[in-house]
Structures are given as structure tokens and as C-alpha cells.
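Numbering of the sequence shown is given in the working numbering, commencing with residue 19 and proceeding in unit increments. Where a beta carbon is used, it is the ideal one built from N, C-alpha and C, also for glycine. A short write-up of the structure that comes next.
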Amino acid sequence: MKTIKKIYCRTFQTAFKLAIPFLPYRKPILIDSINKLPDILTKENASRVLLVTDKGIRKAGLDQEIIDILCKNNIEVTIYDKTQPNPTIRNIEEGAAIYQLKRCQLLIALGGGSSMDCAKGIGARIARPQKPINKMKGILKILKPIPPLIAIPTTAGTGSECTLAAVISDPDHQQKYPINDFVLIPRYALLDPKMTVSLPPFLTATTGLDALTHAVEAYIGNSTTKDTRKESLEAISLIFANIEKAYDDPQNLEARKNMATAAYLAGLAFTKSYVGYVHAIAHSLGGFYQIAHGHANAVILPMMLRSYGSIIHPKLKRCALAAKLIEKDASEQKAAETFISAIEQLNERFAITTTFKQIRQEDIPSLAKHADKEANPLYPVPVLKDAKELEPYYYQLMYKEEIYGSSSNS
Ligand SMILES: NC(=O)c1ccc[n+]([C@@H]2O[C@H](COP(=O)([O-])OP(=O)(O)OC[C@H]3O[C@@H](n4cnc5c(N)ncnc54)[C@H](O)[C@@H]3O)[C@@H](O)[C@H]2O)c1
Ligand SMILES: [Fe+2]
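Written out as C-alpha cells, the structure reads:
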């Protein structure tokens, strides 16, 4: 990256870091049982709600108890269940139209990051009916309260239940981008580990590794605070202690609870301290090829950590200690390598493929430009990279047959 752009990025990031204590960050009010929903709705004066979810959640039957409880309490429930993984502008427009038509007063998001982000997008369009979603890309473009939002995560996960972000896909322009605004932080978050037991093992693994990526990218960035460092390390510790248990035994409620807590803590950490190039690259792959977010992050994380080199070794040693992977007297270099290898071993154990057949060589310059645009100047990454410098990572992620014309794959 050119020096002038580097100076611009670092100045921008420092300004945002200095502003952290003055910005209106808040945490959602935590609730632990769906039985509390009627009281909350009474408190919020809401008798008509839009439940935003997806077909997979309905197939797993996760919505029924909620609908029953609400109906028993004379709440009119309208369901929008067409949310796609990597929710689209169309999902949001459909949901917002239904919200208006049914004169809803509150949003309940039930699902993974896709349903939660779809509900946030619907809320943003209700707050700003004249402003299209693509004009909300970036930071602080909504600036008007959205309807009350209750987030009920069923993956562990994106942390969207406590973040100021919603990640939206625009398939017509092969784009996927975050919209970030304090008004998008849900008013309530219901963390109930029972909601995640039906999650299949592969999704348990990849969504858990998404949470790990949030914790690690927030921790190694330059805009951490005492709180976000603590939240990141706690999340890392919980994920390493529980992800395999949740994968091997989906009914293990304690492991599920710990993973839900980890995802929430990692969400709190990155909503203040940001993510980095792992996410920027993952979003570009989601936008172009609908590659699942957690899967992409799981693969990109170790690759990017290794590429940052020794500058992040002291921080990775603290991550490795939190993960209980090393002794205190291990060298920083050894600790960092142990931590990165441990992530790669998890990928292998969970049968996560490390290359993507969808990536086409001719797309790489555009993919890298998208990642550059998302990350710079906003993300306070340890080492700055521009679009050209990001391109080699896409080659590493390509299915090798695409490059060599042979049958090898990693
Ligand atoms: N807003 C944020 O802060 C933030 C952070 C990270 C990622 N994201 C975004 O979140 C999205 C990914 O969310 P995700 O990884 O949670 O997955 P998801 O919401 O896309 O869900 C993936 C699949 O899992 C199914 N599923 C979810 N929970 C289930 C359960 N308990 N039982 C059975 N099936 C279940 C869904 O039906 C869906 O088919 C991406 O668009 C990503 O960019 C947002
Ligand atoms: Fe993520």
C-alpha cells in the first residue's frame, strides 16, 4: 500500500479509536427464556410483531413454541421466513413491505446471522423508508431509531444479537457489505442454548469458527480496549474448550451454552474493535459466490494470521494461553505457530475444505477490490494491505485444479 494511503488509514482508525468512549455503544438487555417475551411486548406496547426467520429454522421447529406463547397472549404474529443465507436486499424489501402492511410494531429475529441481519435491514428500512439499503453501506447512514428488535440467535455464531452491524447481499451486483450503525444493536437478546441443539455438526463448527474469527480479529487489531481484549480472550478460551464437544455431541447443553456465550462476547469485542481482512475477504466470496460466511472465515483465518508475521506473535501468544495450548514460558514464535496450527487442525477435524471451487481467476482483481474497499480505511488491521496485496490470498483459496489443471486439491 502506498505511504499516503497508509497514513490516511491509520489517521482514520486512530480518530475512531479515540472516539470509542464518546460513542453510543450499548449492550442488548439479556433474557434467558422465551416465557419472558409476553412481558417484554407489554413493556414495549406491541401487540403486532413480525417474526423474521428462515425455512431451515421452521423445518427444525424452532419457531413453534414462540408463536404459541405469543398467540396465547393475544399477540398478532406475522412470519417472514424467506430469509436466505447471506440475506439479500430483496429479502429486506419483502420483509419491510409485510411489516408495513400488517402495521407491525416490533421485530423478532429468530435464526442465525442471516435472519438477525435481515431483521436489522427491515428495521433500517422502516426507520428510513426513503433511503435504499445500498445507500446505508458503511457507517452511520441510518441515524434514526429502528423498531424494537428482539434477537434470538440459533447459531453460535455471528454475535449479531449484540453488534451494530448487518451484512447484506446484493446479488445483482455480486456484492456483500456491512451496514454499521448504533441503532442496529438489538434492544433485547435471548440467549437460549436449546435453540442451537438442532444445528448440524458442520454448521456448529463453521459458525463457531466465525465467532473465533471475531474474537481473534478484534484482539489483534489496533483499536482494542481493556474490555474488548478481555471479551476476546474469554471467547477464545470458551471456544477452544467447547467447540469439539458441541460438534461431537450436539445435545451437550453445557457446551452449547458456552459456545453461545463465546459468540456473544466475541460480538461485543468486534463491534467496538472491528474485524479485519479475514472478514473482508469472506464477504467478497459471499457476495460473488454465496460461499457461507463461517466456512470462508474458518479457512482464511489461519492463512491471514500466518501472513501478518511476527508483528502479531505477542498477541497470538496471549490467544494461545487463553486457549490453553501452550505453557507460559513458550516463545512468542512457537506460541503463535501453535495457535495457528490449532485452528488448522480444527478445520481438518471438522472436514472443512480449505479451497473453494467457485473462485475464478478472472474474478480475483474484482474480489480483492471489494475486500480493499470494505476494510480500508475502517479496519485497524495489524498490517495494511491494498487490493493488489490481497490478490495472492485468493489464489491460495482457489481449488488447485483451476490454477494447475491437475487433479490436486488441498
Ligand atoms: N451482523 C453481524 O454482526 C454479523 C457478524 C458475522 C456474520 N454475519 C452474517 O451472518 C450470516 C451468517 O449467519 P450464520 O452463520 O449464523 O448462519 P445462517 O443464519 O446463514 O444460517 C445457516 C443455515 O443454518 C440453519 N440453521 C440456523 N440455526 C439452526 C438451528 N439451530 N438448527 C437447524 N438449522 C439451523 C439456517 O436455517 C440456515 O440454513 C452471513 O450473512 C454473515 O455475513 C453478521
Ligand atoms: Fe463473522
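Asked                                                                                                                                                        : Found
Per DSSP, Y26 is paired with what?                                                                                                                           : Paired residues: none, contrary to the question.
What number of angstroms, rounded off, separates the C-alpha of D57 from the C-alpha of D81?                                                                 : 18 Å
Quick check on the DSSP output: what are the complete alpha helix (DSSP H) runs of length 4 or more inside the stretch 141 to 178, in order along the chain? : none
Which of the three DSSP states, helix, strand or coil, is assigned to S187?                                                                                  : strand
To the nearest angstrom, how far is it from the Cα of P211 to the Cα of R205?                                                                                : 19 Å
Would you mind sorting Y411 into buried or exposed? The rule is 16 or more other CB atoms within 10 Å of its CB.                                             : buried
Apart from the five residues just before and just after Y265, which ones in its own chain have a Cβ nearer than 6 Å to its Cβ?                               : P219, T222, A223
Going along the chain, which unbroken runs of the alpha helix (DSSP H) with 4 or more residues stay wholly within the stretch 301 to 357?                    : 311 to 326, 331 to 340
Measure the Cβ-Cβ separation of F200 and R378 and say whether it is below 9 Å.                                                                               : no
Rounded to the nearest angstrom, what separates N260 and K24 at their Cα positions?                                                                          : 39 Å
For a test of the three-state rule: what should DSSP assign to E94, helix, strand or coil?                                                                   : strand
Going by beta-carbon coordinates alone, are G312 and D245 separated by less than 9 Å?                                                                        : no
My parser needs the alpha helix (DSSP H) runs of 4 or more residues fully inside the stretch 34 to 88; what are they?                                        : 55 to 61, 73 to 77
Alpha carbon to alpha carbon, what distance is there between K333 and A360?                                                                                  : 16 Å
Out of K263, N276, V70, which one is the CA nearest neighbour of T96?                                                                                        : V70
Can you look up Y195 in the DSSP assignment and give me helix, strand or coil?                                                                               : strand
Tell me which residue opens and which closes the alpha helix (DSSP H) that G285 is part of.                                                                  : 271 to 291
Using 8 Å as the Cβ pair cut-off and three pairs as the minimum, do the stretch 274 to 288 and the stretch 304 to 323 touch?                                 : no
Ignore the nearest five residues each way along the sequence and tell me which others in V8's own chain have a CB closer than 7 Å to its CB.                 : Because the chain spans 19 through 428 in this model, residue 8 falls outside it and cannot be assessed.
Let me check understanding here. Comparing Cα to Cα, which of N240, S302, A33, E272 lies closest to V399?                                                    : N240
Are the CB atoms of Y195 and K248 nearer to each other than 9 Å?                                                                                             : no
Skipping 5 residues on each side, what residues in its chain have a beta carbon closer than 7 Å to that of P2?                                               : Outside the shown range of the chain (19 to 428) lies residue 2, about which nothing can therefore be said.
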